[in-house]
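In this note's numbering, the protein residues as written are 329 to 624. A virtual CB, placed ideally from N, CA and C, is assigned to each residue, including glycine. Just so you know, these numbers come straight off a predicted model, no measurement behind them. Heads up, the thing below is written out as structure tokens.
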Amino acid sequence: MKVIKIKPSGYCFGVVNAIKAVIDAHNSNVPKPINIYGMLIHNKQVINALSSLGINTIFNPTIEDLSNIKGTIIFTAHGISSKVISEAKKRNLHIINATCRDVLKTMKIINKYLNKGYEVLYIGKDNHPEAIAATEDGRVHLIEKLPDLFNLDLTKKFIITNQTTMSINDIKEIHDFVSEKFPHIKIIDEICNATRRRQLAVLENIDTDILYVVGDKKSNNSLNLASLHPNGRLIEGISDIDINELKNFNTVSVTAGASTPKAIINEVIDYLEHFDDNSYENNNSKLTARDILNLN
329 MKVIKIKPSG YCFGVVNAIK AVIDAHNSNV PKPINIYGML IHNKQVINAL SSLGINTIFN
389 PTIEDLSNIK GTIIFTAHGI SSKVISEAKK RNLHIINATC RDVLKTMKII NKYLNKGYEV
449 LYIGKDNHPE AIAATEDGRV HLIEKLPDLF NLDLTKKFII TNQTTMSIND IKEIHDFVSE
509 KFPHIKIIDE ICNATRRRQL AVLENIDTDI LYVVGDKKSN NSLNLASLHP NGRLIEGISD
569 IDINELKNFN TVSVTAGAST PKAIINEVID YLEHFDDNSY ENNNSKLTAR DILNLN
């Protein structure tokens, strides 16, 4: 069986910076305990590894949760609303903001045009933390699918931008419609370079029997990568590989979402490359928390 390792794959710089910020905080004298406002990145194996260090993740957080914690609060790579930051300051929490610089760039664009009197069409996923932060202002309208545009008066002053981890296919349909019907609307494509490069790399290696995308089921960029291949499979690790299915394939491609640790990717590739040798019939992961958090 031929295994094609698609590159780039795995961690982007924003994820690396976020994990490094948490580990640095753990190893420093910042006020303890350390709390993360939501999943630092969308990978539960990383979250579990951080938990083993005594770092607390507040799942599905609300602003009210800030009244119940002490010490340090870390805001995730996905961004955070100004209201939550203000409340954390009011509670005298030590704040570490691990928001990705590409997400911050999109937020600055949104605020720039709001201050100029525009409203914003924001292509994103409902309940995704990046979209929640971006649509804090009522003049920013969340657009998940093309029909979401139809109830808006698009003759007004609008720009259109997007969540950084969206699929290039998803935003193209909306961009094409807006360009044709409402050419006065300024389109600002904010798919981050890491997301775009990973998606284009999958499309360049589309002629394989199956694509395994190593990533968490909550990871929007991982889900989008799997959707690009006619036989894409999202797996969280080797235990998710269907051995009986795999035996039917001759060419397998592998990529990973931007929040997937290198150790998990390497374990999947190693399993696939040795599969024909019948040496890996037991597909249980042997990775430790230390392996998961290793950034080298």
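{"Asked": "Reference isoleucine 566, options Pro558, Asn594 and Leu553, closest by Cα", "Found": "Asn594"}
{"Asked": "At least three beta-carbon pairs within less than 8 Å, the stretch 392-399 to the stretch 429-436", "Found": "no"}
{"Asked": "Under 9 Å between C-beta atoms of asparagine 548 and threonine 463", "Found": "no"}
{"Asked": "Proximity below 9 Å, CB of isoleucine 468 to CB of glutamate 447", "Found": "This sequence places valine at residue 468; isoleucine is not what is there. Yes, Cβ-Cβ distance for valine 468 and glutamate 447 is below 9 Å."}
{"Asked": "N- and C-terminal bounds of the beta strand (DSSP E) containing threonine 640", "Found": "An answer regarding residue 640 cannot be provided, because it is not within the stretch 329 to 624 covered by the chain."}
{"Asked": "Cα-Cα separation between glycine 452 and asparagine 425, rounded to whole angstroms", "Found": "22 Å"}
{"Asked": "Presumed contact (8 Å Cβ cut-off) between histidine 422 and threonine 400, rounded CB distance", "Found": "4 Å"}
{"Asked": "Sheet register partners of isoleucine 403 (DSSP bridge)", "Found": "The identity of residue 403 in the sequence shown is phenylalanine, whereas the question assumes isoleucine. Bridge partners of phenylalanine 403: Tyr365 and Asn425."}
{"Asked": "Runs of alpha helix (DSSP H) wholly within the stretch 459-487 (minimum 4 residues, chain order)", "Found": "none"}
{"Asked": "Valine 343 versus Asn371, Val331 and His354, residue with shortest Cα-Cα distance", "Found": "Asn371"}
{"Asked": "C-beta contact flag for glutamine 373 and isoleucine 592 at 9 Å", "Found": "yes"}
{"Asked": "Whether isoleucine 364 touches threonine 385 by CB criterion (9 Å)", "Found": "yes"}
{"Asked": "Under the three-state DSSP convention, the category lysine 360 falls into", "Found": "coil"}
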